[in-house]
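Novice: For the sequence shown, numbering that gives the first Met the number 0 begins at 0 and goes up steadily by one. We put the CB at the ideal spot given by N, CA and C, even for glycine. Let me give you the structure first, and then I'll get to my questions.
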Amino acid sequence: MIQQTLVLIKPDGVQRGLVGRIIQRFEDVGLKMVGMKMVWVDTEKSKTHYSDHVTKTFYKSLEEFITCGPVVALVIEGVQAVEVVRKIVGPTEPRTAPPGTIRGDFAHMGASFSNKRGIAVKNLIHASGTAEEAEKEINIWFDRIEMHSYNVVYQIHSMG
Ligand code: CDP
Ligand code: MG
Numbered sequence: 000m001i002q003q004t005l006v007l008i009k010p011d012g013v014q015r016g017l018v019g020r021i022i023q024r025f026e027d028v029g030l031k032m033v034g035m036k037m038v039w040v041d042t043e044k045s046k047t048h049y050s051d052h053v054t055k056t057f058y059k060s061l062e063e064f065i066t067c068g069p070v071v072a073l074v075i076e077g078v079q080a081v082e083v084v085r086k087i088v089g090p091t092e093p094r095t096a097p098p099g100t101i102r103g104d105f106a107h108m109g110a111s112f113s114n115k116r117g118i119a120v121k122n123l124i125h126a127s128g129t130a131e132e133a134e135k136e137i138n139i140w141f142d143r144i145e146m147h148s149y150n151v152v153y154q155i156h157s158m159g
């Protein structure tokens, strides 16, 4: 089942110069980038993207975080891409994210440490949680014309 999913390299990932190393992890497993751009998020877009979180106590800090610098937005395609990309990204909290995941390898702070200080969990990356979320989020971030259909060297389609 070929899916597309939305990834954002958050401002901390861009500011720390981790864009290349993060994208490498997706390319390494054979996932395909079909959309890519840099965007400076405004508060309105933050509310649209994080519509499920706007009423939560951490939302204000999350909005401050996601609007503090440009993000790199990606649409990634592959077999069961939503689940596979979340596996590579790891769980929300870097403190408990296992080694080998992006959040576990490039950050370490827990939610309680950050939230107590009124700052968001700086976990480098966003990835859609479900196929429904992916469809909604891709529409928020990308126009059809910004997404590309092209052949890769190892076509997943040819594997049967
Ligand atoms: O990003 P993910 O889907 O793993 O987590 P989420 O529960 O959808 O939360 C969205 C984002 O809000 C997280 O990635 C964190 O950056 C932030 N967050 C936070 O700052 N404090 C929390 N207690 C929970 C989430
Ligand atoms: Mg989420």
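1) Would you check if there are 3 or more beta carbon pairs closer than 8 Å linking the segment 89–101 to the segment 40–54?
2) Thinking Q2 and I137 are a contact (beta carbons under 8 Å), I'd like their distance in whole angstroms, please.
3) Figure out for me which residue from I87, D11, T91 and R116 has the closest Cα to the Cα of V28.
4) Inspect the CB distances between the segment 3–19 and the segment 54–65 and report whether three or more fall short of 8 Å.
5) Is it buried or exposed, E76, if we count other Cβ atoms within 10 angstroms and call 16 or more buried?
6) At 4 residues or longer, what runs of the alpha helix (DSSP H) sit wholly inside the segment 111–144?
7) Is G128 a contact residue of ligand 3, with contact defined as CB to any heavy atom under 7 Å?
Specialist: Checking against the coordinates, here is how it stands:
1) Taking 8 Å as the limit for Cβ pairs, the verdict is that the segment 40–54 does not touch the segment 89–101.
2) So it is not a contact: roughly 10 Å between Cβ atoms.
3) Of all alpha-carbon atoms in I87, D11, T91 and R116, the one lying nearest the alpha-carbon of V28 is that of I87.
4) The segment 3–19 vs the segment 54–65: in contact.
5) It counts as buried.
6) Taken in chain order, the complete alpha helix (DSSP H) segments of 4 or more residues contained in the segment 111–144 are 130–140.
7) Among the ligands present in this structure, namely ligand 1 and ligand 2, ligand 3 is not found.
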